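**Q** Before anything else, here's the structure in question.
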Amino acid sequence: MKQMALRTTLLTGLGIFAVLWTLLMGIGVSGVSPAAGGARKDAAQFGTGAHIMYVDESNFPEVTVYLAVNDDAGQPILGLEQADFTLREDGKPVDITAFVGAGGGATSTVLVIDQSGSMGDDDKMSGAIRAAQGYMDFLNVGRDRLGIIVFSDWSLPLAPLDVVTDSGRAVLRGLLGALFPLAGTEFYAATIEGVKQLEGVSGRRVVLALTDGRDNSGQARLQQAIDAALAANTPIYVVGLGSDVDRDGLQRLATATNGQVYFSPNAAELEQLYAAIASNLRNEYALTYHSLTPNLDGTRRDLAVDIGAAGGNISASGGYAVGGILAPSLSLAVFLPTLLVLLAVLIGLIFVPGVTRPRIRRQRTGELAETPHQTAETDFTPAQEAPPVIIAPPRDEPPPAPLTCVVTMPLAAESTTLGSAPHNTWVINGVGVAAQQARITLSNNRYVVADLTGLSATQVSYNGSPEQLRPIQQNALRDGSRIVMGDLALTFRQTPVGAALERRLPLTASGLCIGAALDADVSVSSPQPLAIRIRHDGRHWLVECEAGQCQVSYSGDPAQLRPVTQRNALQPASLVQVGALTLRIEAA
């Protein structure tokens, strides 16, 4: 009777929670949508009126809006003051805390220039060189920054990103003049290198990439280039030269990264085109304000700007998206199904054994009994440069210095399920971790984590700060985001080539077990028996292969990874690889 009363009380409480949570998640929240900006196809037109060109939310909740204001002839309107601008976020006026007028800002540009063999036709190479040299002439000495990458079958940084100087500009002019056509077209790879040059750079930044052909890899690297630009919040301006370009691919690259695309039919137009792009970038206005909704709630913020100029009003609109909880707008069509599904999950969880009572984790010493009659020579098989290990330690040895094992777990290409059940992609045992705790999915070029418990038991800090952890239903992720499940903390890592979870585990004398058993510290699915143990024998840290296979690099150099037959010594910086897992030993 007591158990039934407990379940009834718990079910009532969870039902009330489900109603309140669903209501709160639907009030005033709109879905995530791309930031302001859009690709323009016409090389000759740059737009009249006002346009929000770029929104920099890298210092959120401080946001900077870059705005182009042009007259009816498409020429920049100069001389506007802060008082001429009225800025609203989601319909509410905001105070402009910082203002930079036209011509007063700094721009960071990486020029990506095609040097493939086809650039030798129709004066294309010479036209591209003249356009790049003319672009440099528009840059402000001592304030703007410029980098140049050229590409054919490979990418070559002709000049790293640096502040423009008179002497440096003269050197670059000479380097550009020495370029000549070579071989293939690795356009997307070169564009990714351009994005990398702008990593960590604040303010207005852009990659301006020129090509006259189709990438050697087709569409293979297009998505990688888009992902890299979105992760760095760097727009890509694309110039397609001639008639043999992949118009759809270039259009997609520019649109997806909130950049611009221009198609120039011949090299003679390039110089004027680059000058117009440089002029527009140089004459943008920058309005900085503090967001009225400083929470990372996964929503789109709509922006509207009114400008009083030349006796009339000019308006522009746009927006940007922040990372965080993803939720639909409140409507009965969404609210009722969501509530019913949530209640059904909660009712099911009530009758799952172990949910309504504390979970007790079996303790393990992590120690292995020594096999009789073994010697140091038979116990230790050196995989590489590791020194011999003496297995029998003296009894008066001090306890080992604590170390940390950093476990990197790659995510599946589309969806990865986390939990303590053996059928999950990654089994992560720990107090408070449900059978199926969370799922990470790649959606619209962004990784999103969803809580599968129905209780918002998963917490996420989008920026990685432990102080910013919040219970979630769904949450966008970026490199460095923190995910907490029960007593476990994971770090999301993302690179242009994939994503992974990083988990830090303490290494003490009790050791650490990686294997297929559910009670392993790190349990992974394996068709064959798998049991890898890291432990201290009294003097040395060792990795032992009780079952299965692993590789070790004693020095930490991945190129030195070698199979371990029985055991191998470890030190801080050593690497251990078990299947797709990579373990790095660090000083605590």
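According to the working numbering, the stretch in the sequence shown is residues 25 to 612, in order. Virtual Cβ for every residue (Gly too), placed ideally from N, Cα, C. Quick caveat, the model's predicted, so the values are computed rather than measured.
If contacts are defined as beta-carbon pairs under 8 Å, then R557 and Q575 qualify, I think. What distance do you get, rounded to the angstrom?
**A** Actually they are not in contact, since the Cβ atoms of R557 and Q575 sit about 15 Å apart, beyond 8 Å.
**Q** List the residues that DSSP assigns as beta-bridge partners of R608.
**A** Paired residue(s): V430 and L599.
**Q** Should A169 and L182 be called a contact, given that it needs their Cβ atoms to be closer than 8 Å?
**A** It should be noted that the sequence gives Arg, not Ala, for residue 169. Against a cut-off of 8 Å, the Cβ pair of L182 and R169 comes out as no contact.
**Q** Just to confirm the assignment, what range does the alpha helix (DSSP H) spanning G580 have?
**A** Counting along the chain, G580 falls outside any alpha helix (DSSP H), and DSSP gives it neither H nor E.
**Q** Ignoring anything shorter than 4 residues or poking outside the region 157-228, list the alpha helix (DSSP H) runs there in chain order.
**A** The qualifying runs are 190-201 and 211-221.
**Q** Going by beta carbon distance, what residues of the same chain come within less than 7 Å of I153, once the five residues before and after it are set aside?
**A** Excluding residues within five positions, the ones whose Cβ falls inside 7 Å are L200, G201 and L203.
**Q** Mind checking L102: buried by the 16 CB within 10 Å criterion, or exposed?
**A** Exposed: under 16 other Cβ atoms inside 10 Å.
**Q** Can you tell me which of V225, V195 and N592 puts its alpha carbon nearest to the alpha carbon of H564?
**A** It is N592 whose Cα lies nearest to the Cα of H564.
**Q** Please report the straight-line C-alpha distance between T441 and Q460, rounded to a whole angstrom.
**A** Cα to Cα, the separation comes out at about 7 Å.
**Q** Report buried or exposed for P259, applying the criterion of at least 16 other Cβ atoms within 10 angstroms of its Cβ.
**A** Burial call: buried.
**Q** With 16 as the cutoff for other CB atoms within 10 Å, does K148 come out buried or exposed?
**A** Flag for K148 reads buried.
**Q** Specify the secondary structure class of A1 as computed by DSSP and reduced to three states.
**A** Any question about residue 1 goes unanswered here, given that the chain covers just 25 to 612.
**Q** Consult DSSP for P553 and reduce its assignment to one of helix, strand or coil.
**A** It is coil, neither helix nor strand.
**Q** Quick check: the Cα distance between T606 and V546, rounded to an integer number of angstroms?
**A** If I take the Cα positions, the gap works out to 12 Å.
**Q** Do the region 134-143 and the region 206-217 make contact, defined as three or more Cβ pairs closer than 8 Å?
**A** Yes, the region 134-143 is in contact with the region 206-217.
**Q** So is A612 buried or exposed if we call it buried at 16+ other beta carbons inside 10 Å?
**A** By the 10 Å Cβ count, A612 comes out exposed.
**Q** With distances taken Cα to Cα, identify the nearest neighbour of G264 among L274, G603 and A255.
**A** For G264, the nearest C-alpha among the options comes from L274.
**Q** Can you name the residues that DSSP bridges to R494?
**A** Answer is V484, bridged to R494.
**Q** Where does D150 fall in DSSP's three states?
**A** Before going further, note that residue 150 is Ser rather than Asp in the sequence given. Helix, per DSSP.
**Q** Within a Cβ cutoff of 6 Å, which residues of the same chain sit near I40, ignoring the five residues on either side of it in sequence?
**A** Answer for I40: no residue qualifies.
**Q** Excluding the 5 residues preceding and the 5 following R517 in the sequence, name in chain order all residues of the same chain whose CB lies nearer than 8 Å to its CB.
**A** Excluding sequence neighbours, R517 sits near T432, D503, G504, A523, A524, L525 and E526.
**Q** Going by the CB atoms, is the gap between P424 and H560 shorter than 8 Å?
**A** Yes, Cβ-Cβ distance for H560 and P424 is below 8 Å.
**Q** Measure the beta-carbon distance from G488 to R506 and round it to whole angstroms, keeping in mind my assumption that it falls under 8 Å.
**A** The pair is a contact, with the Cβ atoms about 5 Å apart (cut-off 8 Å).
**Q** Secondary structure at A523, three-state DSSP: helix, strand or coil?
**A** Strand, per DSSP.
**Q** Quick check on the DSSP output: the alpha helix (DSSP H) that includes L274 runs from which residue to which?
**A** Element bounds for L274: R271 to A280.
**Q** Taking the CB atoms as reference points, tell me whether Q99 and I120 lie closer together than 8 Å.
**A** Their beta carbons are not under 8 Å apart, which means Q99 does not touch I120 by this criterion.
**Q** Let's see if you can read the secondary structure: which residues bound the alpha helix (DSSP H) around A255?
**A** Looking at the DSSP string, the run of the alpha helix (DSSP H) that includes A255 is L246 to A255.
**Q** Residues in the same chain with beta-carbon distance under 6 Å from S176, minus the five sequence neighbours each way, listed in chain order, please.
**A** Closer than 6 Å at Cβ, skipping near neighbours: Q139, S140, L206, A207 and G208.
**Q** So, is the C-beta of A280 closer than 8 Å to a C-beta in chain C?
**A** The structure shown contains no chain C; it is built from a single protein chain.
**Q** Check D326 in the structure and name its three-state DSSP category.
**A** Strand.
**Q** Does Q601 pass the burial test, meaning 16 or more other C-beta atoms within 10 Å, or should it be called exposed?
**A** Buried: at least 16 other Cβ atoms inside 10 Å.
**Q** Excluding the 5 residues preceding and the 5 following R229 in the sequence, name in chain order all residues of the same chain whose CB lies nearer than 7 Å to its CB.
**A** Answer for R229: S132, L222 and T258, listed in chain order.
**Q** Within this structure, are the beta carbons of D330 and N337 separated by less than 8 Å?
**A** In contact: D330 and N337 (Cβ atoms closer than 8 Å).
**Q** Taking just the CA atoms, how far does G227 sit from V79?
**A** Whole-angstrom Cα-Cα distance: 10 Å.
**Q** In chain order, what residues of the same chain have a beta carbon less than 6 Å from the beta carbon of Y90, not counting five sequence neighbours either side?
**A** Excluding positions up to five away in sequence, the list reads M77, Y78, R228, E308 and A310.
**Q** In this structure, what does DSSP give as the bridge partners for V457?
**A** Its beta-bridge partners do not exist; DSSP assigns none.
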